[in-house]
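Colleague:
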DNA sequence: ATATTTACCGACCGAACGGCCGGTAATCAA
DNA sequence: TTGATTACCGGCCGTTCGGTCGGTAAATAT
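Residue numbers (our numbering), protein chains in the order written: chain X, 1 to 205; chain G, 1 to 205.
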């Protein structure tokens, strides 16, 4: 679980693109993308603004890279779950679980992604990919309702958005340090699939 | 359901503070607070930037007013529910429902509130009030678990955050035009309290 | 030694931003 | 008609921002 053991690069030692991205993303999430200046990023690395531009082409590239890392993780999860030979309700539950885990693994990148509002072309493209992911989940809900095993009385798009909303809301309070992404994934899927209520008088038919 | 019938004000006709706030909040939610300039707000009202400053003291005041309107609505809901003479699980469900309705009624203000990251003192104060609201819900979950009726096997703070996360995620896709805040409140509370799963093999004890 | 590679820096630029000022215009009340 | 009230405007200012440029410093490879 440590670094891939840096292969000892050539040239003058110092920061690389990944270090800049990491610093940038940290600040983006602390204060917001717009409220983070290139000077802030440079300062947090102990170098000057012009040095930052040696590693990247501009502020927007940092945003782009962060969004891509988040989206790639989500679609990997979707692909893996799609390949499973299981009933739709099981696949749905697995995808929800995996989404939580992706969010935990790539926490800072996902957080950046979820705060983007579509102000530039790059952001709009990312929003489109997010919508594609939503559609995958919606279709899975639809299948699960058709196969039985998931309540059919709520519009599948609404179900997908509410569940993903619950997942995404983790960026507001989950902190990777606090460990136990699995525990939270468990709590979340339990609430989503079994509900909070206990006792009698449940199944109303 | 119409305006309170403007009492015909004195002086030159035109926009007032509320109009400026409305325009500002609309833009804040479209592009984000930082990405919205005072010029943008002025332009959307058909007046100049200096005219905007006739109505308000500065950009931050607009943010402050928006956050306050959202928070006041939430605490009103909490107060009303607290006064009810009902078992805790019922009160919890009502508060969740009411929160959805407040979010729908004061949609744009709540959206502004939920995007704030604490960059200024005013924002930090708003975040503190949000945390107070979270605590109210957490305590209610705790009570509901103690009284029975809500599953006791998940940490109450986690329950509160997940449920509120689902509620708050409505700002991402709910649009007041699309009507039916009650329908969404119903779908959300159904998922949260009854769960998605149907069929047999549920209650594992 | 010398070339190559990589990282860094100080100085600067044009644009955009939040905000201020002094003055003007339209309405209502006396 | 005059005064009060409310709304609006053009022009300006200091600051901050993203980004560029030409040159320097430290490593590795030959």
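In this text, a Cβ means the ideal position worked out from N, Cα and C, and glycines have one as well.
Should residue 102 of chain G and residue 127 of chain G be called a contact, given that it needs their Cβ atoms to be closer than 8 Å?
Modeller: Numbered from its first residue, the second chain carries residue 102 of chain G at position 102. Numbered from its first residue, the second chain carries residue 127 of chain G at position 127. Contact flag unset, no.
Colleague: Taking 8 Å as the CB-CB cut-off, is residue 195 of chain X touching chain G?
Modeller: Reading the first chain from its first residue, position 195 is the one you call residue 195 of chain X. Closer than 8 Å to some Cβ of chain G, the Cβ of residue 195 of chain X qualifies, so yes.
Colleague: Which residues in chain G sit within 8 Å of residue 41 of chain X, going by Cβ to Cβ distance?
Modeller: Position 41 of the first chain holds residue 41 of chain X. Correct list: empty, because the minimum Cβ distance to chain G is about 16 Å.
Colleague: Can a CB atom of chain X be found closer than 8 Å to the CB of residue 154 of chain G?
Modeller: Against the second chain, residue 154 of chain G aligns to sequence position 154. Interface residue (Cβ-Cβ distance to chain X less than 8 Å): residue 154 of chain G is classified as such.
Colleague: Using the rule of at least 16 other Cβ atoms within 10 Å of the residue's Cβ for burial, across every protein chain shown, is residue 240 of chain G buried or exposed?
Modeller: Missing from the structure shown is residue 240 of chain G; chain G here goes from 1 to 205 and no further.
Colleague: For residue 116 of chain G, which three-state DSSP category applies?
Modeller: Here residue 116 of chain G is taken as the residue at index 116 of the second chain, counted from 1. In the structure shown, residue 116 of chain G sits in coil (DSSP, three-state: anything other than H, G, I, E or B).
Colleague: Using only alpha-carbon positions, find the residue among G:139, G:153, G:180, G:175 that is nearest to residue 183 of chain X.
Modeller: Within the first chain, residue 183 of chain X is the residue found at index 183, counting from 1. Ranking the options by Cα distance to residue 183 of chain X, first place goes to G:153.
Colleague: Compare the C-beta of residue 162 of chain G with all C-beta atoms of chain X and state if any pair is closer than 8 Å.
Modeller: Reading the second chain from its first residue, position 162 is the one you call residue 162 of chain G. At least one chain X Cβ lies under 8 Å of residue 162 of chain G.
Colleague: Return helix, strand or coil for residue 10 of chain X, following the three-state DSSP convention.
Modeller: Counting from 1 along the first chain, the entry for residue 10 of chain X is found at position 10. Coil at residue 10 of chain X, not helix or strand.
Colleague: Measuring CA to CA, which of X:10, X:136, X:197 is closest to residue 91 of chain X?
Modeller: The residue you call residue 91 of chain X lines up with position 91 of the first chain. The shortest C-alpha to C-alpha distance from residue 91 of chain X to any of X:10, X:136, X:197 is the one to X:136.
Colleague: Figure out for me which residue from X:98, X:177, X:94, X:108 has the closest Cα to the Cα of residue 62 of chain X.
Modeller: Within the first chain, residue 62 of chain X is the residue found at index 62, counting from 1. Checked all of X:98, X:177, X:94, X:108; the closest Cα to residue 62 of chain X is X:108.
Colleague: When you compare the CB of residue 184 of chain X with every CB in chain G, is at least one pair closer than 8 Å?
Modeller: Looking up residue 184 of chain X in the first chain gives position 184. Chain G, which has a Cβ nearer than 8 Å to the Cβ of residue 184 of chain X, makes this yes.
Colleague: Is DSSP giving residue 129 of chain G helix, strand or coil here?
Modeller: What you label residue 129 of chain G is simply residue 129 of the second chain in a count that begins at 1. In the structure shown, residue 129 of chain G sits in a helix (DSSP, three-state: H, G or I).
Colleague: Expressed to the nearest angstrom, what Euclidean distance is found between the alpha-carbon atoms of residue 197 of chain X and residue 33 of chain G?
Modeller: Counting from one through the first chain, the residue named residue 197 of chain X turns up at place 197. Counting from one through the second chain, the residue named residue 33 of chain G turns up at place 33. Taking the straight line from one Cα to the other gives about 39 Å.
Colleague: Taking only heavy atoms of the ligand GDP into account, decide whether any of them is closer than 7 Å to the Cβ of residue 58 of chain G.
Modeller: Looking for the ligand GDP in the displayed structure turns up nothing, as the structure carries no ligands at all.
Colleague: Quick check on the DSSP output: the alpha helix (DSSP H) that includes residue 172 of chain G runs from which residue to which?
Modeller: Against the second chain, residue 172 of chain G aligns to sequence position 172. First-last for residue 172 of chain G: undefined, no H or E at that position.
Colleague: When you compare the CB positions of residue 166 of chain X and residue 113 of chain X, do they come within less than 8 Å of one another, or not?
Modeller: Translated into positions along the first chain, residue 166 of chain X becomes position 166. Translated into positions along the first chain, residue 113 of chain X becomes position 113. Taking 8 Å as the Cβ cut-off, residue 166 of chain X and residue 113 of chain X do not qualify as a contacting pair.
Colleague: Could you work out which residue in X:164, X:106, X:160, X:47 is closest to residue 175 of chain X when comparing CA atoms only?
Modeller: Along the first chain, read from residue 1 onward, the residue named residue 175 of chain X stands at position 175. The shortest Cα separation from residue 175 of chain X among X:164, X:106, X:160, X:47 belongs to X:106.
Colleague: Going by DSSP, what residue range makes up the alpha helix (DSSP H) through residue 89 of chain G?
Modeller: Along the second chain, one-based indexing puts residue 89 of chain G at 89. Where residue 89 of chain G is concerned, the enclosing alpha helix (DSSP H) stretches over 88 to 105.
Colleague: Could you tell me the alpha carbon to alpha carbon distance between residue 230 of chain X and residue 18 of chain G, rounded to whole angstroms?
Modeller: Nothing can be reported for residue 230 of chain X, as the shown portion of chain X is limited to 1 through 205.
Colleague: According to DSSP, is residue 151 of chain X helix, strand or coil?
Modeller: Residue 151 of chain X sits at position 151 when you count from the first residue of the first chain. Coil at residue 151 of chain X, not helix or strand.
Colleague: Establish whether the CB of residue 169 of chain X and some CB of chain G are separated by less than 8 Å.
Modeller: In the first chain, counting from the first residue as 1, residue 169 of chain X sits at position 169. Interface residue, yes.
Colleague: What does residue 159 of chain X touch in chain G if you count any residue whose Cβ is under 8 Å from its own?
Modeller: Counting from 1 along the first chain, the entry for residue 159 of chain X is found at position 159. Chain G residues near residue 159 of chain X: 187, 191, 196.
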